[in-house]
Structure formats: structure tokens, C-alpha cells
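Engineer: Under the working numbering, the first residue of the sequence shown is numbered 1, with each subsequent residue one higher.
Handing you a structure now.
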Amino acid sequence: IDRVSDLHLEGNHAGLWRFILAAYPKEMPVRVQAVFSAGPIEDLLAHFGPEYIDRVEALARRDPKFNDLLGGVWRNAMTDDVWDRVIGVRNNVW
1 IDRVSDLHLE GNHAGLWRFI LAAYPKEMPV RVQAVFSAGP IEDLLAHFGP EYIDRVEALA
61 RRDPKFNDLL GGVWRNAMTD DVWDRVIGVR NNVW
């Protein structure tokens, strides 16, 4: 967990994105989903959002499970554009 949390601090956005893609399809308890949304996904969008928002939107449109995870993402340090696009693509907020 610590290693994943540090990926954004090290500037390893590609590693963070690969982790998200590998981990999100797995079954997770609700509490883990909350940590996953507010952790890796939110970190990616807050720190590297302009580089990844197109991919995040595309995945959220085609995969309801990923879209649901966006419901647990808060604005954090996202740019206005990235945040507006997150709001626009996600179906629910929880």
C-alpha cells in the first residue's frame, strides 16, 4: 500500500495508471473501494489529470465498475477542467 501511495510522489504516473488498470476490476469490499477511489484514482487525477483524463473518461464510459469508483473521488488539487470532466462522466457520487 505504501508503495502505491508513493507512486505519484515519485512522478511515476505510468506506474500508478498501470496499478489502477490491474486492480480496479478485482472484487473489493466497500471500504477498500473507498480507499482506492480516494487514493490512487484521486491522486492520479489531482497530480496528472490533464495527461490522463481522456483515458479515465473513456474507461468510465465503457466500464460501469470503474465509473462507480469515480463516485468516491473528490476534487483535491484537480484543475477546473479535469474536475468538470470527472463530474460529467461519473454516474453517482457516494
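Think of the CB as a built atom: it goes at the ideal place given N, C-alpha and C, for glycine as much as any other residue.
All of these numbers come straight from a predicted model, not from anything done at the bench.
Is the beta carbon of A60 sitting closer than 8 angstroms to the one on N67?
Structural biologist: Yes, these two residues count as a Cβ contact at 8 angstroms.
Engineer: From this set, E10, L45, T79, which residue's C-alpha is nearest L69's C-alpha?
Structural biologist: It is L45 whose Cα lies nearest to the Cα of L69.
Engineer: So for D63, helix, strand or coil by DSSP?
Structural biologist: In this structure, D63 counts as coil in the three-state DSSP scheme.
Engineer: Look at the Cβ atom of P25, then the Cβ atom of K65, and state whether they are nearer than 8 angstroms.
Structural biologist: Yes; because the gap between Cβ atoms is below 8 angstroms, this pair is in contact.
Engineer: For R75, collect the residues of the same chain with a Cβ closer than 6 angstroms to its Cβ; drop the 5 residues on either side in sequence, then sort them by chain order.
Structural biologist: Excluding positions up to five away in sequence, the list reads W83.
Engineer: From I53 to G72, what does the alpha carbon distance come to, in whole angstroms?
Structural biologist: If I take the Cα positions, the gap works out to 16 angstroms.
Engineer: Buried or exposed for L16, going by 16 or more other Cβ atoms inside 10 Å?
Structural biologist: It counts as buried.
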